[in-house]
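Colleague: Going by the numbering used here, the letters in the sequence shown line up with residues 2 to 645, in that order.
Beta carbons are placed, not taken as given, at the ideal position from N, Cα and C, and that holds for glycine.
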Amino acid sequence: MKKILCSCLALLMLLTGMANAEGGTATPALVPLDALPEAGWQYTVQFPDWKGYLDDTLAMNSMFSFRFYHGQGTIYLDVAEGVTGFNLYVNGVKCDTSGVGAGLWSVDISAAAVDGVNTLQVTNLRPGGIEKAVTVYIAFPVVLAGDAGAEGIDPETLRLIDDIIESDVAHGFTSAQLAVVKNGRLVAQQSWGRVNSYNPDGSKNNDAAPVTAGTMYDLASVTKMFAAGYAIQKLVTEGQLDLYTPVVEILGDAFAEDTMDLAYAGVDDPPDLATQKAWKRSITLRDLLCHEAGFPSTPNYNDPNFDFAAQQRGLPGSNVIYAVGREATLKALFKTPLMYPPHSRTLYSDADYMLAAFIVERVTGQRLDEYLKQNIYGPLGLEHIGFLPLENGFAPEDCAATELNGNTRDNNVSFPGIRTETLQGQVHDERAWYCMEGVSGHAGLFASATDLAKLASAMLTGGYGDCRLFSRNVMDVFTAPKALDFGQWGLGWWRQGDQQRPWYYGTQAAPGTVGHQGWTGTLVMIDPSRELVVVYLTNKINSPVLSASALNSFASGCFTASTLGFVPQLLSIGMDAEGDVSAQLLDLLADMAVESLGKIPEDADSDHPYVQNAVSKFELLKARAEAAGNDEYVALAEEWLGKF
2 MKKILCSCLA LLMLLTGMAN AEGGTATPAL VPLDALPEAG WQYTVQFPDW
52 KGYLDDTLAM NSMFSFRFYH GQGTIYLDVA EGVTGFNLYV NGVKCDTSGV
102 GAGLWSVDIS AAAVDGVNTL QVTNLRPGGI EKAVTVYIAF PVVLAGDAGA
152 EGIDPETLRL IDDIIESDVA HGFTSAQLAV VKNGRLVAQQ SWGRVNSYNP
202 DGSKNNDAAP VTAGTMYDLA SVTKMFAAGY AIQKLVTEGQ LDLYTPVVEI
252 LGDAFAEDTM DLAYAGVDDP PDLATQKAWK RSITLRDLLC HEAGFPSTPN
302 YNDPNFDFAA QQRGLPGSNV IYAVGREATL KALFKTPLMY PPHSRTLYSD
352 ADYMLAAFIV ERVTGQRLDE YLKQNIYGPL GLEHIGFLPL ENGFAPEDCA
402 ATELNGNTRD NNVSFPGIRT ETLQGQVHDE RAWYCMEGVS GHAGLFASAT
452 DLAKLASAML TGGYGDCRLF SRNVMDVFTA PKALDFGQWG LGWWRQGDQQ
502 RPWYYGTQAA PGTVGHQGWT GTLVMIDPSR ELVVVYLTNK INSPVLSASA
552 LNSFASGCFT ASTLGFVPQL LSIGMDAEGD VSAQLLDLLA DMAVESLGKI
602 PEDADSDHPY VQNAVSKFEL LKARAEAAGN DEYVALAEEW LGKF
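Structural data, given as structure tokens:
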């Protein structure tokens, strides 16, 4: 019913616009201009016969479609000398072209624009026979303020998300930010918790500042898509990079020739050095983006005690490819042998995107952060995104903190030069910090959820405002399945595919949904079928390590708020369900509460974070059940709360 009503409303608005146009009371009018704005246009099309030839269909010659959103938009026209008149329609709404002659014009199409595909028609050109009679310039949409309910998201789902995160924070979870863009509207922008939730000894820090909409989070591997990935997509769009170019042609012959003769433990029939060099010569840029190049998944160049052959910590000084600093790390990447032949398997590796950063730098002549700031982040007007925030005008308190005791996992890991203080405003990832000096293609980017959502929205249209980033063909190539049997992978992008990433995107996301996750607790999801962007950022590793035997498990990782995928799952209910969703959400919350019991270890005491997560769920269930008058769930919640 909701979808039918939305369709009816859209039709009513369109018919009203057409009727008004005929009546002359709300007709979009052309306004004369002195000069065109400087812009990277979404499209530049010329009429008549915009395709450049007389097409046999005839009908398409006068019509062109582009992507936009309701309530915004201006298009620009350059009318050639000799043109005495023409008709202009936007989504069937006729514009007032009376008195329009040669020159530059603008027309506000916001009253006629719709979400998704928009169509303009330039027709009845007078006199006939003038080539390039009317040139139309179309910019990109931007993200405007909006309301969830008006864009088809039931606000009750956002209230439940809010309640879950707020309850989890009260029971020990760290912090979070959420930004949701629907139909070009920012319909949710929320923050929870404090920027630094725990002291180094593991006690709660109640004195830290609260998270705000401007707080920047360490994005971890989300960097891969919105730093190196975006740069490469733009360079491919501009013809400066080719996906099938061998890496040796970009970085030089040393990429292959400097390879070390090193056999990885557990690899049957390890190749000789000549074979290794041949393998590396065959690696293309596409192989790196697809994680098919053959590099080990954990290239810990920064740890002098890392046994590269065994791919685990070893004896002191055992790392034969030890490297600190960007110059040394590039040489280390050249030295690194492959674990398997390129193209033969997929192994997610940070090395791939460390190399991607160097490739961008070699092609552009700029360090990755400088290129992105000048060519993407700056032109889009984004102020809370970038590398090395403490070197770019931000204070530690402007950033959500990560690990409590540096990279020591609560003093369980040590190597020369290791950071021991709480990390706040410095990238957590060891390879990004020690090897890449804070600027890498695989990690290092900081951002607020709102700025990141605006940046991610460019993947729906190819640009933002007057800034063109990517062609439609490039976006399609990068987000398509990389192979028939790898529907969960694009070129770096993590795809939903055939329900292959529901723990991130929810079960209702379309197969073409793309995004990425970050180890610090971050998620970006882009669903083109819904014109939807979801950015959910946490700093779950800003909490004590669970135990010395689980050094990559942090206390806040036990809470529902850390699981990332619960946010898009609940949002989907608010977009897809018909009618009142309150009962459905209460049933789901009850299931979540009961399911949380299965995560509690047998020997856990009442303070264990998995216990506190369960308490959080049952307390919330009780409060919501009481408000709904559901005695069954009240009794269930009270029964379990009495056992904790």
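Helix, strand or coil: how does DSSP classify residue 36 here?
Modeller: Looking at residue 36 - three-state DSSP - the assignment turns out to be coil, as it is neither helix nor strand.
Colleague: With distances taken from CA atoms, which of 120, 85, 232 and 92 is nearest residue 475?
Modeller: The candidate whose alpha carbon is nearest that of residue 475 is 232.
Colleague: Residue 625 to residue 599, Cα distance in whole Å?
Modeller: Using only the alpha carbons, I get a separation of about 22 Å.
Colleague: Return the CA-CA distance between residue 450 and residue 105, expressed in angstroms with no decimal places.
Modeller: Cα-Cα distance, rounded: 38 Å.
Colleague: Along the chain, where does the alpha helix (DSSP H) containing residue 395 start, and where does it finish?
Modeller: It is not in any alpha helix (DSSP H) - residue 395 carries neither H nor E in the DSSP assignment.
Colleague: If you follow the beta strand (DSSP E) that residue 427 is part of, which residue opens it and which one closes it?
Modeller: Taken as a continuous stretch (DSSP letters only), residue 427 belongs to no beta strand (DSSP E), as it is neither H nor E.
Colleague: Quick check on DSSP: helix, strand or coil for residue 634?
Modeller: Of the three classes helix, strand and coil, the one that applies to residue 634 here is helix, per DSSP.
Colleague: Note down the Cα distance separating residue 226 from residue 325, rounded to an integer number of angstroms.
Modeller: Approximately 24 Å, taken between the alpha carbons.
Colleague: With DSSP collapsed to three states, give me the class of residue 92.
Modeller: Residue 92: coil per DSSP, three-state reduction.
Colleague: The alpha helix (DSSP H) that contains residue 234, what's its start and end?
Modeller: Where residue 234 is concerned, the enclosing alpha helix (DSSP H) stretches over 231-238.
Colleague: With DSSP run on the structure shown, which of helix, strand or coil describes residue 493?
Modeller: Note: residue 493 maps to coil in three-state DSSP.
Colleague: Who are the Cβ neighbours of residue 638 in its own chain at under 6 Å, not counting the five residues just before and after it?
Modeller: If we look at residue 638 and ignore the five residues flanking it on each side, its Cβ neighbours are 619, 622 and 623.
Colleague: Answer with buried or exposed for residue 26, where buried requires no fewer than 16 other C-beta atoms within 10 angstroms of its C-beta.
Modeller: The predicted model places residue 26 with a pLDDT of 36, which falls under 50 and marks its position as unreliable, so this point remains unresolved.
Colleague: Per DSSP, what kind of secondary structure is residue 323 in: helix, strand or coil?
Modeller: Three-state result, residue 323: coil.
Colleague: Is DSSP giving residue 307 helix, strand or coil here?
Modeller: The answer is strand: DSSP assigns residue 307 an E or B state.
Colleague: Could you have a look at residue 645 and say whether DSSP puts it in helix, strand or coil?
Modeller: Coil.
Colleague: Decide if the stretch 485-498 is in contact with the stretch 564-578; the criterion is three or more beta carbon pairs, one per stretch, under 8 Å apart.
Modeller: No: fewer than three Cβ pairs fall under 8 Å.
Colleague: With respect to the alpha helix (DSSP H) encompassing residue 110, which residues constitute its N-terminal and C-terminal limits?
Modeller: Careful: residue 110 lies outside any alpha helix (DSSP H) and carries neither H nor E.
Colleague: Touching or not, the stretch 420-429 and the stretch 29-36, by the rule of three or more beta carbon pairs under 8 Å?
Modeller: No, they do not touch.
Colleague: When the Cα of residue 347 is compared with those of 591, 487, 440 and 477, which residue comes out closest?
Modeller: Comparing Cα-Cα distances from residue 347 to each of 591, 487, 440 and 477, the minimum goes to 487.
Colleague: Below 8 Å on the Cβ atoms is my contact criterion, and I expect residue 532 with residue 183 to pass it. Report the Cβ-Cβ distance as a whole number of Å.
Modeller: Yes, residue 532 and residue 183 are in contact; Cβ-Cβ is about 6 Å, under 8 Å.
Colleague: Starting from residue 647, trace the beta strand (DSSP E) both ways and give me its first and last residue.
Modeller: No answer is possible for residue 647: it lies beyond the span of the chain, which begins at 2 and ends at 645.
Colleague: Can you tell which of 565, 332, 56 and 355 has the C-alpha that lies nearest to the C-alpha of residue 434?
Modeller: Closest by alpha carbon: 355.
Colleague: Just checking my contact of residue 411 with residue 546 at CB under 8 Å: how many whole Å lie between their CB atoms?
Modeller: With 8 Å as the limit, residue 411 and residue 546 qualify as a contact, their Cβ atoms being about 4 Å apart.
Colleague: Is residue 459 closer than 7 Å to residue 446 when the C-beta atoms are compared?
Modeller: Taking 7 Å as the Cβ cut-off, residue 446 and residue 459 do not qualify as a contacting pair.
Colleague: Exposed or buried, residue 645, counting other C-beta atoms within 10 Å across all chains shown (16 or more means buried)?
Modeller: Result: exposed.
Colleague: Could you give the C-beta distance for residue 146 and residue 467, rounded to a whole number, given that I count them as a contact under 8 Å?
Modeller: Contact flag wrong, Cβ pair sits at about 20 Å.
Colleague: Could you tell me the boundaries of the alpha helix (DSSP H) in which residue 42 lies?
Modeller: Here residue 42 belongs to no alpha helix (DSSP H), and DSSP marks it neither H nor E.
Colleague: Taking one C-beta from the stretch 530-544 and one from the stretch 172-181 each time, how about it: are there three or more such pairs within less than 8 Å?
Modeller: At 8 Å Cβ cutoff, the stretches touch.
Colleague: From residue 615 to residue 597, what does the alpha carbon distance come to, in whole angstroms?
Modeller: Spanning the two alpha carbons is a distance of roughly 5 Å.
Colleague: By DSSP, does residue 647 sit in helix, in strand, or in coil?
Modeller: No answer is possible for residue 647: it lies beyond the span of the chain, which begins at 2 and ends at 645.
Colleague: Per DSSP, residue 292 forms a beta bridge with which residues?
Modeller: Answer by DSSP bridge pairing: none, since residue 292 is not bridged.
Colleague: Could you tell me which residues DSSP pairs with residue 386 in its beta bridges?
Modeller: Per DSSP, 448.
Colleague: Quick one: is residue 432 buried, meaning 16 or more other Cβ sit within 10 Å of its Cβ, or exposed?
Modeller: When all chains shown are included, residue 432 counts as buried.
Colleague: In the DSSP assignment, find the beta strand (DSSP E) that holds residue 646 and state where it starts and stops.
Modeller: Look at the range of the chain in this structure, 2 to 645, and you will see that residue 646 is not part of it.
Colleague: How is residue 547 classed by DSSP in three states: helix, strand or coil?
Modeller: DSSP places residue 547 in strand when its eight states are reduced to three.
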